[in-house]
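Accompanying notes for the structure given below.
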Amino acid sequence: MEYEVEIVQPYGLKFAKGRDGKTYIDAIAPGGEADKTGKFSVGDRVISTSAVFGDEIWPAAEYGRTMYTIRQRIGPLLMRMEKRYGKREEDGELTEKEIIRAERNSGVISNRVREIQMQNYMRKKEQKQQREIDLREGLKFYKNGKYEEALEKFESVLGSKPDLNEASVASYNVACCYSKLNQIQAGLSALEDALKNGYEDFQRIRTDPDLATLRASEDFDPLLKRFDESFINENAINAIKSIFGIFNKN
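For the sequence shown, numbering that gives the first Met the number 0 begins at 0 and goes up steadily by one.
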């Protein structure tokens, strides 16, 4: 079953890259724009979306390109989706827990469970290797000034279940790409993702020439102040000093 829905930013959707390279819904923010429609389900696949601007509809390409289009969309986003009723792309086979549950009565854990454990291990290892490859290729594109191509690679890293450190670095790189492309809101959104994932090099954020365009935005400082504890602590100290200053006769 397919359906169409139009939403506005912030969408309240998190996406993931399937093993087939396509784009799937990984999470839906409660109370967000997507959740309010009542149409989206985790596991649904993106078939096509609005183009970056205008009324044209673009077929969903590979994950990185699709995310590039969604992030940069100007105006409401029309999405054509395949309804999968909560079935994730990677759920084609029984999981380890499901097989254990099915075999519980027999009192025997079959070799099938061990096979699945090995398959899961190998798949995660392959995903990590692919993320490392995508990150290296993205950096190479970036250094050569090919920011859109770099974006696709960095977005691909984000779509394949990275750990927090990988996610923070990839999101920071995405923010740099958007800054270079003069896409302010998309860049700030990616920078916020980096901070949420634990990126803490605030000095670099404030001085990195690759983020110069984002720093010129009036929304940059408020975003950083939400996460920079040193700024919060400095404000607290200044507030205390001002209070005691009332009693300072000098």
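The beta-carbon is built from N, C-alpha and C at its ideal position, and this holds for glycine as well. Note that the structure is predicted; figures quoted are calculated from it, not measured.
Quickly, what does DSSP pair T22 with across the bridge? List them, please. K16
Taking only three categories from DSSP, how would you classify M121? helix
Can you name, in chain order, every residue of its own chain whose Cβ lies under 6 Å from the Cβ of S167, other than the five neighbours on each side? A193, N196, G197 and Y198
Buried or exposed: which applies to I115, given that a residue is buried once 16 or more other Cβ atoms fall within 10 Å of its Cβ? buried
Out of curiosity, what's the CA-to-CA distance linking R205 and G31? 30 Å
Residues bridged to L76 by DSSP? I6
Among P161, Y177, Q126 and T65, which one has its Cα closest to the Cα of G144? Y177
CB contact flag (S159, R130, <8 Å): yes
Host alpha helix (DSSP H) of R205 (start-end): F201 to T206
Quick check: Y146 and L180, are their CB atoms within less than 8 Å of each other? yes
Work out the CA separation of L223 and V7 for me, nearest whole Å. 24 Å
With a Cβ-Cβ cutoff of 8 Å, do K16 and Y62 count as a contact? yes
What's the C-alpha gap between I183 and L138? 21 Å
In whole angstroms, what separates the C-alpha of N119 from that of F52? 40 Å
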